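S.K.: The opening residue of the sequence shown carries number 1 in this note's numbering; numbering runs sequentially from there. We put the CB at the ideal spot given by N, CA and C, even for glycine. Just so we're clear, the structure is a prediction, and the values are computed from it rather than from any experiment. Here it is: the structure, laid out below.
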Amino acid sequence: MYYSKVSIFNRMLFSSDKEATKKIFEKYKPTHVIHLAAMVGGLFHNMSHNLDFLRNNLHINDNILHTSYEYGVKKVVSCLSTCIFPDKTTYPIDETMVHNGPPHPSNFGYSYAKRLIDVQNKAYHQQHGCLFTSVIPCNVFGPHDNYNLESSHVIPGLIRKLHDIIQNGGDTFTVMGTGKPLRQFIYSLDLAKLFLWVLREYNEIEPIVLSVDEDSEVSIKDLAEELVKAFDFKGKIVFDTTKADGQYKKTASNAKLRKYLPDFKFTPFHVAIKDSVDWYRANYKIARN
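And the structure:
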């Protein structure tokens, strides 16, 4: 590794407080920073808290990026998301399209705050020569996720829900929405490997999409069925079509990533789902429920 000290920021509370953020930098004196801190949540949590998502994430991003500049950090890699792209767009989406129109109204607060990281990165580079960049993962899942039913993303939320149904002897797995929306999902261990590659080798200011290939896209129905297999659940799946689906698709191109890493192997979806389910079943008493 060419860097001497890396700090990975993934806690919202201290990074939204400027003084607390500075104390962390003073303690660890990082030369490189991976910025993962954010207020995050699933579709329904975003829909009901857009202002909170906007304000909290603006504070977090500004604190970490400006403190990195003040402490002379050599490189910062921040995390965006494919959900920040314009609602009305052509597919597949790529790195050049982040600012091409308004995001989906369900998560506009989070989306605009995250888009501004890209704007800030370019401004810090222009004015101060900073090597601040960002990555755009598709939907991330894996062990140690947030399984709270009010604020989790779709996979950990459904894992928790199906686990509870089985524990309570239920025979019906109800999934909100029609099951038709399409998503790309990346296993957290694969994403971690790609983050380290970005930290070591990727030196563009422009963001890069970190996503599975386009042909790996699955529907929410496919996901629900894969979870049923992983849990060996013998009951039925019901889709509650009175609930919102959110954005129908967010298909992202990883062509830029493939130019750099043409042979990178992603964990097969069914393997990653089974590993994630097995982890939760073994650790649900101590998981973030």
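1. Pair every Cβ in the segment 74–83 with every Cβ in the segment 272–283, then say whether three or more of these pairs are closer than 8 Å.
2. Could you give the first and the last residue of the continuous alpha helix (DSSP H) run that contains Asn61?
3. In the DSSP assignment, find the unbroken alpha helix (DSSP H) run with Phe233 in it and report its ends.
4. Write down the C-beta distance between Tyr112 and Pro103 rounded to the nearest angstrom, noting that I regard them as a contact closer than 8 Å.
5. With DSSP as the reference, label Pro224 as helix, strand or coil.
6. Taking the straight line between their C-alpha atoms, what separation do you get for Thr82 and Cys130?
7. Go to Ile159, then tell me how far its alpha helix (DSSP H) extends in each direction, as first and last residue.
8. In the DSSP assignment, find the alpha helix (DSSP H) that holds Val271 and state where it starts and stops.
9. Thr174 and Val238: beta carbons closer than 7 Å?
10. For the alpha helix (DSSP H) holding Tyr110, just list the boundary residues, first then last.
11. With DSSP run on the structure shown, which of helix, strand or coil describes Met1?
12. As a quick exercise: from Ile117, Leu65 and Asp222, pick the residue whose alpha carbon is nearest that of Gly179.
13. With distances taken Cα to Cα, identify the nearest neighbour of Arg183 among Met97, His153 and Asn61.
14. Just how far apart, CA to CA, sit Tyr2 and His45?
15. Under the assumption that Asn50 contacts Ala38 (Cβ atoms under 8 Å), give the Cβ distance between them as a whole number of angstroms.
16. Assign Val135 to one of three DSSP states: helix, strand, or coil.
17. Go through its chain and collect everything with a Cβ distance to Ala272's Cβ below 6 Å, but skip five positions before and after it.
18. Give me whichever residues DSSP pairs with Thr241 in a beta bridge.
M.R.: With the structure as the only source:
1. Segment contact: the segment 74–83 against the segment 272–283, fewer than three CB-CB distances shorter than 8 Å; contact not assigned.
2. Bounds of the alpha helix (DSSP H) holding Asn61 are Asn50 to Glu70.
3. For Phe233, no alpha helix (DSSP H) encloses it, and the DSSP letter there is neither H nor E.
4. That belief holds up - the Cβ atoms of Tyr112 and Pro103 are roughly 7 Å apart, short of 8 Å.
5. The residue you asked about is not Pro; residue 224 is Ala in the sequence shown. It is helical.
6. The alpha-carbon atoms of Thr82 and Cys130 are separated by roughly 24 Å.
7. Ile159 -> alpha helix (DSSP H) spans Val154 to Gln167.
8. Phe269 to Asn283 is the extent of the alpha helix (DSSP H) around Val271.
9. Annotated as proximal: Thr174 and Val238, with beta-carbon spacing under 7 Å.
10. Taken as a continuous stretch (DSSP letters only), the alpha helix (DSSP H) holding Tyr110 covers Phe108 to His128.
11. In this predicted model, Met1 has a pLDDT of only 35, less than 50, meaning its place in the structure is not dependable enough to derive any value.
12. Cα-wise, what sits closest to Gly179 is Asp222.
13. Checked all of Met97, His153 and Asn61; the closest Cα to Arg183 is His153.
14. Confidence is the limiting factor: at Tyr2 the pLDDT is only 40, short of 50, which leaves the residue's position unreliable, though a coordinate-based value still follows. Computed Cα separation, rounded: 40 Å.
15. That belief does not hold up - the Cβ atoms of Asn50 and Ala38 are roughly 14 Å apart, past 8 Å.
16. In the three-state reduction of the DSSP assignment, Val135 falls in the strand class, which pools E and B.
17. Cβ-Cβ distances below 6 Å link Ala272 to Tyr187 in the same chain, with the five nearest sequence neighbours on each side left out; the list follows chain order.
18. BP columns for Thr241 are empty, so no partner.
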